[in-house]
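Asks: Have a look at this one before I ask anything.
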Amino acid sequence: MISSDIGKEVIKKEIPLVPKLPGVYRMLNSKNEVLYVGKAKNLPNRLKSYVSEKNHIIRTERMLSQTTKLEITTTSNESEALLLEANLIKKYKPKFNILLRDDKSFPFIFIGNKDKWPQIKRHRGKKNREGFFFGPFASAGSANWTIKMIQKIFQIRVCDDSVFKNRERPCILYQIKRCSGPCVGYVEEDDYKKSVNDAIEFVSGKSRRIQKNLSNQMEKSSDDLDFEKAAILRDRIKSLNIIQSSQRINEANLVEADVIAGYKESGKTCIQVFFYRSKQNWGNQSFFPKHDPEENLNNILNSFVSQFYENKSVPSSIILSEKIKEQILIEKALTKKEGKQINISVAKKGSKLNVINQAIKNAKDSLNRKLYESQNNKELFEEVSKKFDLENNINLIEVYDNSHNQGSNSVGALITYGEEGFNKKRYRKFNIKNEKNEQDDYGMMREVLGRRFKKAVQEKDNYLTMPDLVLIDGGKGQYSVARETMNELGLHDIPIIAIAKGKFRNSGNETFFHNGKEFKFEKNDPTLFFLQRIRDEAHRFAISAHRAKRKKGISKSLLDQIDGIGSVRKRAILNHFGSARAVESASLDEIKSVEGVEEKVAKKIYNFFHE
């Protein structure tokens, strides 16, 4: 039976020492892991409730039964406590808190305004450049689509400065009319700046006025008999009409708002966030917070809002599907954080309610898909256990693959698959450190598994929790090496399966090795397709890691391999051509034109790439 007395005693001893101030408290277990982060307007009063209340919910009873330590941080007010709580929940990911698991930054579109020839590009991270930032966009796809439309209409460059400065002829984007060719002087500076300003106004929501200006310019060009320019303007107007019809200008006339709606079913929740900026819908994103199955939607939504905006810019309006208990406090905290008035409201009628209902429908559809996938994955896990006669239940599979090119740039890869699909946060790559292992598949497998699981056994440096099954790409030999490595670390109870392709490496004829036995599947078996799919994902990740390493090595070493090319000359050459690969395709005269590179050195560089 669970006993909460341990935690209650810890809290009871601490209460007299806790000041009567707002702040945050953390409950820790015997391993110093944070179990729960909470906040309070008056810390002692909040902590007393854990001691005095007799009938806690089961989750709280479990938490108190594991609590052996209490840590306190005071703040100057309740708003600070709210933001600190959200920050610590994201940092420690306590098992008894409601967790927003996907806290990645969202992409913005950046348009420079200080450069002579400004570019447009997708941007993540700090806004530390001078220019205009538009966003957030719900996904990279949404931002890329908008950039593509801007290219079609305004023909602004997207290339990096190093490429832009070293071009002698326009790239294919000029040929397909997505760039005006400023790199080679095909457009006047004033005309280009005007296009940039129009693009800024367009993303700011003033597309109708721009369309009118383009129409006037087209008529003038036609009257002046400049039919070529009139045709270009006609194509721009056509692109503008396409974007306006597909942009879903919102009926609720939301200028700057996030619409947040939640839907809960079968103990799981989906929260949808729609981003509205400049009266345009800039996409939506689904989130699946981790929480106790019995938790109510109001509390989930409340925790989501405070965690979601902890490290993101906040729009002036947040519209929710239902009222949350800390609405006034969160509104006050976000207003202070942003230095502008933030309004949190609940949609109750009219067009805003229509938008919320649409968001709820999206949340419901996304959750149903997630539940369906989870159920399918559970069934597949059960089939794997049955086929290989595994004693433990499977909830998490780790798949390993190695990649190298005749022993060079060797990389080991790990991908993870759980009940909710591929878990990219648990993907890892291992650069092979022992040179002897670089041409030895068995040695690579031994090193990768050894490094991964030794860290877990020792519980150090952000180690990953143990999987329920290890799947390796290889045959009987790889299986033996993997089993031996795991056994040496005392991990006898984690099963291993090796998957080897057939004689002609054809998919569908795989042989599986486990526990001294060989296994085969029927060609149309769904379990076989499942194991092939996760094996192929590990192979894809390993290959991409290997190519990235090889590419990095090539760009780093090509010029370094030429005698007489010091760091100063190397920098001058790379600044002139943009990359080592561009030097490879350059003529002798082009190399000689680089400042500081005399003819003798230029010939040496040219011969290195062409002999």
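At position 404 of the sequence shown the residue is numbered 406 (the working numbering), and the sequence of numbers has no breaks.
Cβ coordinates follow ideal geometry from the N, Cα and C atoms, glycine included.
1. Are the segment 70-80 and the segment 16-34 touching, with three or more C-beta to C-beta distances below 8 Å?
2. So if DSSP puts valine 205 in a beta bridge, which residue, or which two residues, is it bridged to?
3. Please classify histidine 578: does DSSP put it in a helix, a strand, or coil?
4. Would you say threonine 77 reaches chain B, if we count a Cβ-Cβ gap shorter than 7 Å as a contact?
5. For threonine 487, which three-state DSSP category applies?
6. Is the beta carbon of serine 182 sitting closer than 7 Å to the one on glutamine 157?
7. Smallest Cα separation from threonine 70: which of Ser32, Asn89 and Ala83?
8. Are aspartate 260 and proline 317 closer than 7 Å when you measure CB to CB?
9. Considering just the uninterrupted stretch of the alpha helix (DSSP H) at leucine 124, what are its terminal residues?
10. Aspartate 403 and aspartate 495: beta carbons closer than 7 Å?
11. Roughly how many angstroms separate the alpha carbons of phenylalanine 290 and arginine 103, rounded to a whole number?
12. Just confirm the distance between the C-beta atoms of glycine 518 and threonine 487, as a whole number of angstroms; I'd bet it's less than 8 Å.
13. Mind checking which residues open and close the beta strand (DSSP E) that includes glycine 40?
14. For a test of your reading of the model: does the CB of lysine 97 fall under 6 Å from any non-hydrogen atom of the ligand ATP? Yes or no.
15. Is the segment 81-95 in contact with the segment 121-140, if contact means three or more CB pairs nearer than 8 Å?
16. Check whether the segment 564-572 touches the segment 528-547, counting contact only when three or more Cβ pairs, one atom from each stretch, lie closer than 8 Å.
17. Got a sec, what are the start and stop residues for the beta strand (DSSP E) phenylalanine 277 sits in?
18. Report the rounded CA-to-CA distance for arginine 131 versus lysine 195, giving the unit in angstroms.
19. Mind listing, in chain order, the continuous alpha helix (DSSP H) runs of no fewer than 4 residues lying wholly within the segment 119-164?
20. If contacts are defined as beta-carbon pairs under 8 Å, then isoleucine 302 and isoleucine 100 qualify, I think. What distance do you get, rounded to the angstrom?
21. Which class does valine 26 belong to by DSSP, given the choice of helix, strand or coil?
22. Determine the DSSP secondary structure at valine 257, reduced to helix, strand or coil.
23. Run through the DSSP bridge pairs and tell me what leucine 620 is partnered with.
24. Just to confirm my understanding: we take lysine 116, look at its own chain, exclude 5 residues before and 5 after, and list those with CB closer than 6 Å. What are they?
25. Can you tell me whether proline 120 is buried or exposed? The criterion is at least 16 other CB atoms within 10 Å of its CB, across all chains shown.
26. The beta strand (DSSP E) that contains alanine 500, what's its start and end?
27. Between Asn379, Val165, Glu258 and Arg428, which has its C-alpha nearest glutamate 400's C-alpha?
28. Are the beta-carbon atoms of glutamate 312 and asparagine 89 separated by less than 7 Å?
29. Hey, quick one: how far does the beta strand (DSSP E) through glutamate 520 stretch, first residue to last?
30. How many Å lie between proline 21 and proline 46 at the Cα?
31. Alpha helix (DSSP H) containing leucine 72: first to last residue?
32. Could you pull out every residue in the same chain whose Cβ sits closer than 7 Å to the Cβ of lysine 522, ignoring the five residues on either side in sequence?
33. Are the CB atoms of serine 67 and serine 144 nearer to each other than 7 Å?
34. What is the C-beta distance between serine 412 and methionine 446, in whole angstroms, given that I count them as a contact (C-beta under 8 Å)?
35. Contact between the segment 353-369 and the segment 268-278: three or more CB pairs below 8 Å?
Replies: Checking against the coordinates, here is how it stands:
1. yes
2. Answer by DSSP bridge pairing: none, since valine 205 is not bridged.
3. helix
4. The structure shown contains no chain B; it is built from a single protein chain.
5. helix
6. yes
7. Ser32
8. yes
9. Rather than leucine, the amino acid found at residue 124 in this sequence is arginine. Segment 122-125 is the beta strand (DSSP E) holding arginine 124; no alpha helix (DSSP H) there.
10. no
11. Looking at the two C-alpha atoms, the distance is approximately 7 Å.
12. With a Cβ gap of about 17 Å, glycine 518 and threonine 487 do not count as contacting.
13. Where glycine 40 is concerned, the enclosing beta strand (DSSP E) stretches over 36-42.
14. The ligand ATP is not part of the structure shown, which contains no ligands of any sort.
15. The segment 81-95 makes no contact with the segment 121-140, as fewer than three CB pairs between them are under 8 Å.
16. no
17. 270-279
18. 18 Å
19. Counting whole runs of 4 or more residues, the segment 119-164 contains the alpha helix (DSSP H) stretches 142-156.
20. 6 Å
21. strand
22. coil
23. The first residue shown for the chain is 3 and the last is 613, placing residue 620 beyond what the model contains.
24. Glu132
25. buried
26. In the DSSP annotation of this structure, the continuous segment of the beta strand (DSSP E) that includes alanine 500 starts and ends at 498-502.
27. Arg428
28. Note that the C-beta distance between glutamate 312 and asparagine 89 is below 7 Å.
29. Residues 519-521.
30. 7 Å
31. Where leucine 72 is concerned, there is no enclosing alpha helix (DSSP H), although the beta strand (DSSP E) it sits in stretches over 71-76.
32. Result list for lysine 522: Thr513, in chain order.
33. Between serine 67 and serine 144, the CB-CB gap reaches or exceeds 7 Å.
34. Contact holds; Cβ gap of about 6 Å.
35. yes
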